[in-house]
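Asker:
2 protein chains.
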Amino acid sequence: MSSQHPQSARQYSCEKCPLRPLPAFREFESQELSFVSSFKKGELVVDKGATVLVEGSHSAHLYTVLSGWAFRYKLLSDGRRQILNYSMPGDLIGLQGSLMGQMQHSVEALSPMLLCVFERDQLHELYRNYPGLAYDITWMASREERMLDENLLSIGRRSALERTAYLVAFISSRARGAGLDGKRPVQIPITQQHIADTLGLSLVHTNKTIRKLIDRKLIAWRDGGCEIIDQDGLKDLAGWEGLGEERRPLI
Amino acid sequence: MSSQHPQSARQYSCEKCPLRPLPAFREFESQELSFVSSFKKGELVVDKGATVLVEGSHSAHLYTVLSGWAFRYKLLSDGRRQILNYSMPGDLIGLQGSLMGQMQHSVEALSPMLLCVFERDQLHELYRNYPGLAYDITWMASREERMLDENLLSIGRRSALERTAYLVAFISSRARGAGLDGKRPVQIPITQQHIADTLGLSLVHTNKTIRKLIDRKLIAWRDGGCEIIDQDGLKDLAGWEGLGEERRPLI
DNA sequence: CGCCGATTTGAGGGTCATCAACAACTGTGG
DNA sequence: CCACAGTTGTTGATGACCCTCAAATCGGCG
Chain A
1 MSSQHPQSAR
11 QYSCEKCPLR
21 PLPAFREFES
31 QELSFVSSFK
41 KGELVVDKGA
51 TVLVEGSHSA
61 HLYTVLSGWA
71 FRYKLLSDGR
81 RQILNYSMPG
91 DLIGLQGSLM
101 GQMQHSVEAL
111 SPMLLCVFER
121 DQLHELYRNY
131 PGLAYDITWM
141 ASREERMLDE
151 NLLSIGRRSA
161 LERTAYLVAF
171 ISSRARGAGL
181 DGKRPVQIPI
191 TQQHIADTLG
201 LSLVHTNKTI
211 RKLIDRKLIA
221 WRDGGCEIID
231 QDGLKDLAGW
241 EGLGEERRPL
251 I
Chain B
1 MSSQHPQSAR
11 QYSCEKCPLR
21 PLPAFREFES
31 QELSFVSSFK
41 KGELVVDKGA
51 TVLVEGSHSA
61 HLYTVLSGWA
71 FRYKLLSDGR
81 RQILNYSMPG
91 DLIGLQGSLM
101 GQMQHSVEAL
111 SPMLLCVFER
121 DQLHELYRNY
131 PGLAYDITWM
141 ASREERMLDE
151 NLLSIGRRSA
161 LERTAYLVAF
171 ISSRARGAGL
181 DGKRPVQIPI
191 TQQHIADTLG
201 LSLVHTNKTI
211 RKLIDRKLIA
221 WRDGGCEIID
231 QDGLKDLAGW
241 EGLGEERRPL
251 I
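Chains as they are written, first to last, in UniProt numbering: chain A, 1 to 251; chain B, 1 to 251.
As structure tokens, then:
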């Protein structure tokens, strides 16, 4: 099913987490940080295209993305696929499954990934002894809910052109927040099929819609991925306000 | 904006909560129950059609639905509306706003409602002293996320007929879980405009789609609301498995 | 080179939106 | 009691948006 490597060699200690210093993330108390460090069981290397979690499974783990991209999706019985959201560095993966016992969606890697591995069973200890972290986890669940609200609004009520503009603006905003933009424009490593399955459109129509965005010089399509040229133009076209850019916790 | 009554007369003590004995809800430890009781600041009566919470506002409260129906929605600047989900007895309202500081969606009552009022500021105390309740809150946030995933799948990938069948089956499943079915079939107090705005369809097409469901004897439309005739037929048509029917917490 | 996945383009058709009326029902005030 | 307005539901006509089918091109890779 997945070509995960079972290895768990620790490469990054939480105290030297490469993500935490980024401006997008909140400060942490050293006490909390040391608990997170003990909470972390190791690291998981995932290949591009590998399935991280499968709908219906009962995983004993949850993860934080250290590097790389993934997407969450659900399938209908006849194979129609709906991509629900994307995961990037700093995001939790598998929280829903940890809380509810069973995964209700699948997760697949869009690029090679490095994941911090946590054990589901220790969540209770976290809630018992670290209320601040517990609050943070609820906060992140709520953040995900908020993103889903936006996606729902987009799929339900925006035209194909608006939807596509919204999606690429949304993803690039998040990527920026996750420190994925060196100096150059963000490169989003997805195919047009992913965009189609996110927006509820066919591949063919997605392609024609993307072409319009390219013709308007809002984005470019290079090296098998999407590159944002004019973020403000995209937001205007979509009628999208952008994300609240509050600093967020990192478990 | 809203015609809420500011009154907060307590009518139901948490120890005698009319909801808690229902089979849908989990047992509670008496210690937790007494905290919830102290957490509860009063009750709020809301008229049908009134706005409970507005997008952009900073509410000091969050609520649990004691009775009645509501819906969450977002608007685009030109007035297009997307209904995100429905709230019914036992559901939290305004958690997202309490955690993130600002409401990212609005909530409107579909029927007269009775709400338990909690104070946002006391959430931290809850997290500090009642990790079990904190866990429950995260669980409920996660449950909402799961419902949004399903709705997204539906809007993105199901046809109008499948979507409509899914929606009424979904709502009636939840209503059953909230103890809203006496003996007779569930009556859902929504207009076809609400259904249209939930499914991302036009009112006219929604009407024609509903008629097909009526002709197939899957639902009936009576007294300005939807009534489920054949729940299994609806689920078949939509290709929907139904909700996991685990017992859930009630804050 | 040949294969395979991703992208592109055209043609034709179906689903669904928009526009426009009208009917049914409710509550309101005369 | 009835006239009236407002909301909700219903129906038909027309066409736009988007889907499906089909085929071609491009690129990376063994």
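C-beta atoms are modelled at their ideal positions from N, C-alpha and C, and glycine is treated no differently.
Just so it is clear, the structure is predicted and the values come from calculations on it, not from any experiment.
#1: Which runs of the alpha helix (DSSP H) spanning at least 4 residues fall entirely within the stretch 12–47 of chain A, listed in chain order?
#2: How long is the line joining the alpha carbons of B:H61 and B:I195, rounded to whole angstroms?
#3: Where DSSP assigns a beta bridge to A:K74, which residues make up the other side?
#4: Can you find a C-beta in chain A that's less than 9 Å from the C-beta of residue 259 of chain B?
#5: If you measure from the beta carbon of residue 256 of chain B to each beta carbon in chain A, is any gap under 9 Å?
#6: Beta-carbon of B:S37 versus every beta-carbon of chain A: anything under 9 Å?
#7: Exposed or buried, which one is A:E246 when buried takes at least 16 other CB atoms within 10 Å?
#8: So what does A:E108 bridge to, in DSSP terms?
#9: Between A:L22 and A:E43, which are expected to be in contact by the criterion C-beta below 8 Å, what is the C-beta distance as a whole number of angstroms?
#10: Less than 8 Å between C-beta atoms, sequence neighbours within five positions excluded: which residues of the same chain meet that for A:F118?
#11: Give the DSSP bridge partners of A:M113, in chain order.
#12: Can you grab the Cα-Cα spacing for the pair A:S98 / B:V168, in whole Å?
#13: Name the chain A residues that come within less than 7 Å of B:L99, Cβ to Cβ?
#14: Which residues in chain A sit within 7 Å of B:N151, going by Cβ to Cβ distance?
#15: Got a sec? Which residues, its chain only, sit under 7 Å from A:M1 by beta carbon, not counting five neighbours each side?
#16: Which residues in chain A sit within 7 Å of B:H105, going by Cβ to Cβ distance?
#17: Do A:H124 and B:Y135 count as a contact pair if the criterion is CB distance below 9 Å?
#18: Measuring CA to CA, which of A:E15, A:F71, A:S30 is closest to A:D197?
#19: Note the first and the last residue of the continuous alpha helix (DSSP H) segment covering B:L139.
#20: Give the straight-line distance between the Cα atoms of A:K74 and A:R80, rounded to the nearest whole angstrom.
Answerer: Taking the structure as given:
#1: Listed in chain order, they are 30–39.
#2: One C-alpha to the other measures close to 28 Å.
#3: Per DSSP, A:Q82.
#4: No information on residue 259 of chain B is available, as it lies outside the stretch 1 to 251 that chain B covers here.
#5: For chain B, the structure presents residues 1 to 251; residue 256 of chain B sits outside this window and is missing.
#6: For B:S37, the answer is no, since every Cβ of chain A falls outside 9 Å of its Cβ.
#7: Exposed: under 16 other Cβ atoms inside 10 Å.
#8: According to the DSSP secondary-structure assignment, A:E108 is paired through a beta bridge with A:T51, A:F71.
#9: Their Cβ separation, rounded to whole angstroms, is 19 Å, which puts A:L22 and A:E43 out of contact at 8 Å.
#10: So the list reads F39, K40, K41, H61, L62, Y63, T64, I251, once near-sequence residues are dropped.
#11: Listed as beta-bridge partners of A:M113 by DSSP are A:V46.
#12: Looking at the two C-alpha atoms, the distance is approximately 29 Å.
#13: Simply T138, W139, S142.
#14: What B:N151 touches in chain A: L152.
#15: Because the pLDDT at A:M1 is just 41, under 50, the model does not fix this residue reliably, and the value given afterwards should be weighed accordingly. So the list reads T51, V54, once near-sequence residues are dropped.
#16: For B:H105, the neighbours in chain A by C-beta distance under 7 Å run, in chain order, D149.
#17: Note that the C-beta distance between B:Y135 and A:H124 is below 9 Å.
#18: For A:D197, the closest alpha carbon among the candidates A:E15, A:F71, A:S30 is that of A:F71.
#19: The sequence given here has Trp at residue 139 of chain B, not Leu. Here the alpha helix (DSSP H) through B:W139 covers 131–157.
#20: C-alpha separation (whole angstroms): 9 Å.
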